[in-house]
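Colleague: For the protein sequence lines, the chains are S and X, in the order given.
The opening residue of the first sequence carries number 1 in full-length UniProt numbering; numbering runs sequentially from there.
The opening residue of the second sequence carries number 1 in full-length UniProt numbering; numbering runs sequentially from there.
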Amino acid sequence: MLTLSNISRSFGDRQALTDVSFTIDDGRMTGFVGGNGAGKTTTMRIILGVLAADSGTITRNANPLSSNDRRSFGYMPEERGLYPKMKIEEQLTYLARLHGFSKPAAGKNARALLEELGLGERLNDTVESLSLGNQQRAQIAAALVHQPEVLILDEPFSGLDPMAVDVVLQVLKDRAATGVPVLFSSHQLDVVERLCDDLVIISGGTVRAAGPRDQLREEHSTNRYELDHTGDAGWLREQPGVTVVEFDGGYALFDVDSDATAQAVLHRAMESNTVRSFTPKRPTLAQIFREVVAA
Amino acid sequence: MNPRIPTLAQSTWLVAEREITTRLRSKAFLISTGILFAIILASILISGFTADTTSKTAIAATPEVMSQIQGDAFDITEVATTEEATQLVLDGEVNAAVVSDTASDNPLGLKILADTEAPAEVQQALSISPPVEILTPNPNDPFLLYIISLAFGVVFLISASTFGGVISQSVVEEKQTRIVEILMSAIPVRAMLAGKVIGNSILAFLQIAVIAALSVIGLTATGQTALLDAIGLPIAWFVIFFTIGFVLLAAMFAASASMVARMEDIGSVTTPVTMLVMIPYFLVVFFNDNPVVLTIMSYVPFSAPVGMPVRLFVGGVQWWEPLVSLAILVLSTLVVIALGSRIYQGSLLRTSGRVKLAEALTAGKA
Numbered sequence: 001m002l003t004l005s006n007i008s009r010s011f012g013d014r015q016a017l018t019d020v021s022f023t024i025d026d027g028r029m030t031g032f033v034g035g036n037g038a039g040k041t042t043t044m045r046i047i048l049g050v051l052a053a054d055s056g057t058i059t060r061n062a063n064p065l066s067s068n069d070r071r072s073f074g075y076m077p078e079e080r081g082l083y084p085k086m087k088i089e090e091q092l093t094y095l096a097r098l099h100g101f102s103k104p105a106a107g108k109n110a111r112a113l114l115e116e117l118g119l120g121e122r123l124n125d126t127v128e129s130l131s132l133g134n135q136q137r138a139q140i141a142a143a144l145v146h147q148p149e150v151l152i153l154d155e156p157f158s159g160l161d162p163m164a165v166d167v168v169l170q171v172l173k174d175r176a177a178t179g180v181p182v183l184f185s186s187h188q189l190d191v192v193e194r195l196c197d198d199l200v201i202i203s204g205g206t207v208r209a210a211g212p213r214d215q216l217r218e219e220h221s222t223n224r225y226e227l228d229h230t231g232d233a234g235w236l237r238e239q240p241g242v243t244v245v246e247f248d249g250g251y252a253l254f255d256v257d258s259d260a261t262a263q264a265v266l267h268r269a270m271e272s273n274t275v276r277s278f279t280p281k282r283p284t285l286a287q288i289f290r291e292v293v294a295a
Numbered sequence: 001m002n003p004r005i006p007t008l009a010q011s012t013w014l015v016a017e018r019e020i021t022t023r024l025r026s027k028a029f030l031i032s033t034g035i036l037f038a039i040i041l042a043s044i045l046i047s048g049f050t051a052d053t054t055s056k057t058a059i060a061a062t063p064e065v066m067s068q069i070q071g072d073a074f075d076i077t078e079v080a081t082t083e084e085a086t087q088l089v090l091d092g093e094v095n096a097a098v099v100s101d102t103a104s105d106n107p108l109g110l111k112i113l114a115d116t117e118a119p120a121e122v123q124q125a126l127s128i129s130p131p132v133e134i135l136t137p138n139p140n141d142p143f144l145l146y147i148i149s150l151a152f153g154v155v156f157l158i159s160a161s162t163f164g165g166v167i168s169q170s171v172v173e174e175k176q177t178r179i180v181e182i183l184m185s186a187i188p189v190r191a192m193l194a195g196k197v198i199g200n201s202i203l204a205f206l207q208i209a210v211i212a213a214l215s216v217i218g219l220t221a222t223g224q225t226a227l228l229d230a231i232g233l234p235i236a237w238f239v240i241f242f243t244i245g246f247v248l249l250a251a252m253f254a255a256s257a258s259m260v261a262r263m264e265d266i267g268s269v270t271t272p273v274t275m276l277v278m279i280p281y282f283l284v285v286f287f288n289d290n291p292v293v294l295t296i297m298s299y300v301p302f303s304a305p306v307g308m309p310v311r312l313f314v315g316g317v318q319w320w321e322p323l324v325s326l327a328i329l330v331l332s333t334l335v336v337i338a339l340g341s342r343i344y345q346g347s348l349l350r351t352s353g354r355v356k357l358a359e360a361l362t363a364g365k366a
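Right under this line is the structure:
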C-alpha cells in the first residue's frame, strides 16, 4: 500500500499541487483522472522521486518511502522515450540491470516480457524501426522489465489500438493480481471506467474525489432509473414523486424523489406487465468527473 | 525474487559501459578515429623519411681545388678540366662545379660554376666567416618546438572537441527522447552524470594513449630516437594531464548540454566550453616561444594539458611543477563536477526550451 499525505509542490509562483492525499492499495488498479495541467504528471513524478515535493510525505506500508524503495518501482512517464538506435532486447536488459538484475536474469526478463507483449519477433530491432503502437508496447515493457513492486503509469493506453489496449491491460491485470499496486492515469475516461478498481480525481492540483470506483458511482448517483417493460410507460407520468425524463413505448428514463417511490414504480410495473429491466442509472465516470471538477 | 539494489558505483559503471559500447559500435566514430590515427602515424613516418633522405648536393671539381673542398658535405665528381666541369653543370649532372680561377682580380684562386642561379650551399662552404659565440644558447630548434607545440595543441583540440561533442549529444539524446525520466527513476542523477563522464573519459584516454603509443612506435621505427628521448616524458605527462583535464571538460560539456532539449541547440550552450578547448590550442601555436605565457598556461587548468608538456619539452621545469599543476587541475575538476552535477540535476526534467543557468543551479540544489 502506498499512501500520499498532504503533498504540495509549487513551480515558481504556480502552485501545482496542494495537499494531495490518497492511497494506492496492493493488488488494485487505481485510475488517476484529471484534465490537462491538473497535476497528474507532477504527482507521479513526486511518487517516483524524480521530482521533490515541497511538503508532505509518502509511505509504503506505513514506512517512509526511501530512494531504495523507489528503485523497485516501475514507471512509464507521460513523455515517452527509449534510446532510438538501441535494440529493444538490449535496451530492456540494460534497464533491468540498472535496477539491479544480473545480466543473464535481466536478459531473460526482457525476452519473456517482450514475448508476452507480442514483440517476440522484434527483439533485435531498434526502437526507431518499430511502429508507434509497438514502440508503445516496448515502453510498457520498459516499465515492467525489472518486476516492479509498484507500478506508476502515466497514460499507458494513449496511442494504442484496441487490440493492444487489451494486451497491455491483461499484462497489467496480471501484475496487479500478484499484489502489485498499480496507479495509471488516462484521458480516456471510458477506458479508466472499464479498468480501474479505485479512482482518484484531481483538478487544479487538489484531489476532488478518491475511493473505490463503485462507491464513487454510488455517491454521485442521482435518483435516476431506467425501466423497460411490456406495455406503455405513459402511466409513469401520473405516478406521484416521479419526473419522466424520456419515454418511448415500454421504455422510460425517470427521476424519483426517494427510494420508496422507485420501489413503488417497480411494483406497479410488475403488476400488469413483464419487466425486461429496471436499473438504477449509475452516472458514468465522465459525468462524475464533470460534476466533481465543476464543484 | 528481489534484485539487489546496485550501489552508486555499480550504477555509474553500467552507464559508463553503455556509453563505451554504444560509441564503439558507431561506424562514424570508428572511422573518424581510424582516420585520426592514420594521419598521426603518417605524419610521423613522413617526417622521419624526409629527415633521412636529404641528399647531398652533387658538385664537380677540378684536381687543383679538391683540397679546398673539405669533408663529405658534397657528392664530388672529380673532372680533369674546367670545360668538362662546365659540360656536367650544363647537362644537369651536377648542381655546381668548383674550378680553379687564375684571374688576377680573384684572390681565392677558384670559382663556382652554376647553371642558372648561385648555389648558396656551395658558396657558404667555400666562404670564410668569422666565429660566432652565442651567449644564451637555445637548446631547441625553434621549428621543432613549433611542430611539437602544434602536435600537442592539435591532438588536445581534436580529442577534447570530439569527445566533448559526443558527450553533449549523448546528454541531449536522453533529454530529447525523454528516456531521461525512466533513467532518473532507476538510478541517481549523480550516477547518470558520472557514468557519462567516466565512459567518455575512458574512451578519450584510450584514444590519447593510442596516439601516444603510435608516436613512440613511429619515432622508433624511423630511427628518430633523439627526438623520442626529448618528448617521451612530455608525452607521458600529456596523457596524464589530458585524462584529468578531459574529465573537467566532459563535466562542463555534459552540464551545459543538459540545459537544452534539442540537438539543434547544443551549439548555443556548448560554445563557451568549445572556446575553452580552442584557446590553449591558439595560445600554444602563437606563444610557444614565450616562456611567460607558457608558464601561465601550464598552471591554468584548461590549458595545462598542453602548456605543461610543451614546457617540459623546452626544459627548465622544476620536478614539483607538474605535480602542483596537476593538483590544481584535480581540485578544479572536483569543483566543476560538483557544480556541473547541480546544473545537470536542475535541467534534466525541463524538456521544453532552454534552461537558464541560474534556474538550473537553484533547481538542482535539492
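Cβ coordinates follow ideal geometry from the N, Cα and C atoms, glycine included.
A quick note: this is a predicted structure, and the numbers were derived from the prediction, not measured.
Using a C-beta cutoff of 8 Å, does X/Ala366 count as contacting chain S?
Modeller: Within the second sequence, residue 366 of chain X is the residue found at index 366, counting from 1. With a pLDDT of only 48 at X/Ala366, under 50, the local geometry of the prediction cannot be trusted, and the value read off the model is given with reservation. So, interface residue.
Colleague: What does the Cβ neighbour count give for X/Trp320, buried or exposed, with the cut at 16 atoms within 10 Å?
Modeller: Along the second sequence, read from residue 1 onward, the residue named residue 320 of chain X stands at position 320. So X/Trp320 counts as exposed.
Colleague: Could you list which residues in chain S have their beta carbon closer than 9 Å to that of X/Leu357, in chain order?
Modeller: As a first step, residue 357 of chain X is located in the second sequence; it is residue number 357 there, counting from the start. Result: empty, since nearest Cβ-Cβ is about 16 Å, beyond 9 Å.
Colleague: In three-state DSSP terms, what is S/Phe101?
Modeller: Here residue 101 of chain S is taken as the residue at index 101 of the first sequence, counted from 1. In this structure, S/Phe101 counts as coil in the three-state DSSP scheme.
Colleague: I think X/Leu113 touches X/Thr86, with their Cβ atoms under 8 Å apart; what is that distance to the nearest whole Å?
Modeller: The sequence position of residue 113 of chain X within the second sequence is 113, counting from 1. The sequence position of residue 86 of chain X within the second sequence is 86, counting from 1. About 6 Å; that satisfies the 8 Å criterion.
Colleague: Compile a chain-ordered list of the residues in the segment 164 to 177 of chain X whose CB is closer than 7 Å to at least one CB of chain S.
Modeller: If the cut-off is 7 Å between Cβ atoms, the segment 164 to 177 of chain X has Thr177 near chain S.
Colleague: Measure the alpha-carbon distance for S/Trp235 versus S/Glu226 and round it to whole angstroms.
Modeller: Locating residue 235 of chain S in the first sequence gives position 235, counting from the first residue. Locating residue 226 of chain S in the first sequence gives position 226, counting from the first residue. The straight-line gap from Cα to Cα measures roughly 15 Å.
Colleague: For a quick check, are the C-beta atoms of S/Gln91 and S/Leu82 less than 8 Å apart?
Modeller: Position 91 of the first sequence, counted from the first residue, corresponds to residue 91 of chain S. Position 82 of the first sequence, counted from the first residue, corresponds to residue 82 of chain S. It is a contact, given that the beta carbons lie within the stated cut-off.
Colleague: Helix, strand or coil, according to DSSP, for S/Ala29 in the structure here?
Modeller: Counting from one through the first sequence, the residue named residue 29 of chain S turns up at place 29. Checking the sequence shown, residue 29 of chain S turns out to be Met, not Ala. Here S/Met29 sits in strand by DSSP.
Colleague: By the criterion of Cβ-Cβ separation under 9 Å, what are the contact partners of S/Ala141 in chain X?
Modeller: What you label residue 141 of chain S is simply residue 141 of the first sequence in a count that begins at 1. Those do not exist, as S/Ala141 stays about 11 Å from chain X at its closest Cβ, beyond 9 Å.
Colleague: Mind checking whether S/Arg28 and S/Asp198 have CB atoms under 8 Å apart?
Modeller: In the first sequence, counting from the first residue as 1, residue 28 of chain S sits at position 28. In the first sequence, counting from the first residue as 1, residue 198 of chain S sits at position 198. Yes.
Colleague: Which parts of the segment 108 to 193 of chain X are runs of the alpha helix (DSSP H), unbroken and 4 residues or longer, counting only runs that do not cross its ends?
Modeller: Fully enclosed alpha helix (DSSP H) runs of 4 or longer: 120 to 126, 142 to 176 and 179 to 186.
Colleague: Using the three-state DSSP reduction, which class does S/Ala294 fall into: helix, strand or coil?
Modeller: Translated into the one-based positions of the first sequence, residue 294 of chain S becomes position 294. Reduced to three states, the DSSP call for S/Ala294 is helix.
Colleague: Would you list, in chain order, the members of the segment 175 to 192 of chain S that have their beta-carbon closer than 8 Å to a beta-carbon of chain X?
Modeller: If the cut-off is 8 Å between Cβ atoms, the segment 175 to 192 of chain S has nothing near chain X.
Colleague: What residues from chain S crowd round X/Ser11, counting only those whose CB sits closer than 8 Å?
Modeller: As a position in the second sequence, residue 11 of chain X is number 11, starting the count at 1. Within chain S, the residues near X/Ser11 are Leu98.
Colleague: Given X/Arg311, which residues of its chain have a CB within under 6 Å of its CB, disregarding the five upstream and five downstream residues?
Modeller: On the second sequence, position 311 is the one that residue 311 of chain X refers to. If we look at X/Arg311 and ignore the five residues flanking it on each side, its Cβ neighbours are Leu294, Ser298 and Val317.
Colleague: Taking the continuous alpha helix (DSSP H) assigned at X/Glu321, which residues delimit it?
Modeller: Counted from its first residue, the second sequence places residue 321 of chain X at position 321. Unbroken alpha helix (DSSP H) run through X/Glu321: Trp320 to Ser347.
Colleague: For S/Gln136, count neighbouring C-beta atoms within 10 Å of its own C-beta (all shown protein chains included) and say buried if the count is 16 or more, exposed if not.
Modeller: Position 136 of the first sequence, counted from the first residue, corresponds to residue 136 of chain S. Buried, since its Cβ has 16 or more Cβ neighbours within 10 Å.
Colleague: Ignore the nearest five residues each way along the sequence and tell me which others in S/Glu121's own chain have a CB closer than 8 Å to its CB.
Modeller: Numbered from its first residue, the first sequence carries residue 121 of chain S at position 121. Answer for S/Glu121: no residue qualifies.
Colleague: List, in order along the chain, the chain X residues whose C-beta lies closer than 7 Å to that of S/Pro84?
Modeller: Residue numbering aside, residue 84 of chain S sits at position 84 when the first sequence is read from its first letter. Those within 7 Å of S/Pro84 in chain X are Thr177.
Colleague: Say the cut is 7 Å; is the CB of X/Gly340 nearer than that to a heavy atom of the ligand ADP?
Modeller: For the structure depicted, the ligand ADP is absent and the ligand set is empty, with no information on it obtainable.
Colleague: Using beta carbons (cut-off 8 Å, strictly below), is residue 296 of chain S in contact with chain X?
Modeller: Only positions 1 to 295 of chain S appear in the structure, and residue 296 of chain S is not among them; the question remains open.
Colleague: So, with DSSP's three-state summary, where would you put X/Ile266?
Modeller: In the second sequence, the residue the question calls residue 266 of chain X occupies position 266. Looking at X/Ile266 - three-state DSSP - the assignment turns out to be helix.
Colleague: Who are the Cβ neighbours of X/Trp237 in its own chain at under 8 Å, not counting the five residues just before and after it?
Modeller: Counting from one through the second sequence, the residue named residue 237 of chain X turns up at place 237. For X/Trp237, where only same-chain residues beyond five positions count, the Cβ hits under 8 Å are Met308, Pro309, Leu312 and Pro322.
Colleague: So for S/Val265, helix, strand or coil by DSSP?
Modeller: Reading the first sequence from its first residue, position 265 is the one you call residue 265 of chain S. Residue state, collapsed to three classes: helix.
Colleague: How should S/Lys40 be labelled, buried or exposed, when 16 other C-beta atoms within 10 angstroms of its C-beta is the threshold for buried?
Modeller: Sequence index remark: in the first sequence, residue 40 of chain S carries index 40 (1-based). Buried.
Colleague: Would you say S/Arg50 lies against chain X (beta-carbon separation less than 8 Å)?
Modeller: On the first sequence, residue 50 of chain S is found 50 positions in, with the first residue counted as 1. Just to set this straight, residue 50 of chain S is Val in the shown sequence, not Arg. So, interface residue.
Colleague: Can you list the residues of chain X that S/Phe73 reaches, using a CB-CB cut of under 7 Å?
Modeller: Along the first sequence, one-based indexing puts residue 73 of chain S at 73. Within 7 Å Cβ-Cβ: Ser185.
Colleague: In chain order, what residues of the same chain lie with their CB nearer than 6 Å to the CB of X/Met1, ignoring the 5 residues before and after it?
Modeller: On the second sequence, residue 1 of chain X is found 1 positions in, with the first residue counted as 1. Here X/Met1 scores only 47 on pLDDT, less than 50, and its place in the model should not be relied on; the value that follows carries that caveat. Here the set comprises nothing.
Colleague: Using a C-beta to C-beta distance shorter than 7 Å, which residues of chain X count as neighbours of S/Asn68?
Modeller: Reading the first sequence from its first residue, position 68 is the one you call residue 68 of chain S. Per Cβ cutoff of 7 Å: Ile5.
Colleague: With a cut-off of 8 Å, does the C-beta of X/Arg18 fall near any C-beta of chain S?
Modeller: For the purposes of this step, residue 18 of chain X is identified with residue 18 of the second sequence, where counting begins at 1. Output row for X/Arg18: interface = yes.
Colleague: Roughly how many angstroms separate the alpha carbons of S/Leu119 and X/Ile39, rounded to a whole number?
Modeller: Here residue 119 of chain S refers to the residue found at position 119 when the first sequence is read from its first residue. Here residue 39 of chain X refers to the residue found at position 39 when the second sequence is read from its first residue. C-alpha separation (whole angstroms): 46 Å.
Colleague: Which residue wins for smallest C-alpha separation from X/Ala194, given the options X/Ala304, X/Thr12, X/Ile5 and X/Pro6?
Modeller: In the second sequence, the residue the question calls residue 194 of chain X occupies position 194. Nearest of X/Ala304, X/Thr12, X/Ile5 and X/Pro6 to X/Ala194, Cα basis: X/Thr12.
Colleague: Using only alpha-carbon positions, find the residue among S/Leu95, S/Leu253 and S/Leu2 that is nearest to S/Ile140.
Modeller: Here residue 140 of chain S refers to the residue found at position 140 when the first sequence is read from its first residue. Among S/Leu95, S/Leu253 and S/Leu2, the Cα nearest to that of S/Ile140 belongs to S/Leu95.
Colleague: Mapping the DSSP letters down to three states, classify X/Thr22 as helix, strand or coil.
Modeller: One-based indexing of the second sequence puts residue 22 of chain X at position 22. Three-state result, X/Thr22: helix.
Colleague: When you compare each of S/Leu65, S/Gly31 and S/Thr243 to S/Leu4 by their alpha carbons, which one comes out closest?
Modeller: Stepping through the first sequence from its first residue, residue 4 of chain S is reached at position 4. Of S/Leu65, S/Gly31 and S/Thr243, the residue nearest in Cα terms is S/Leu65.
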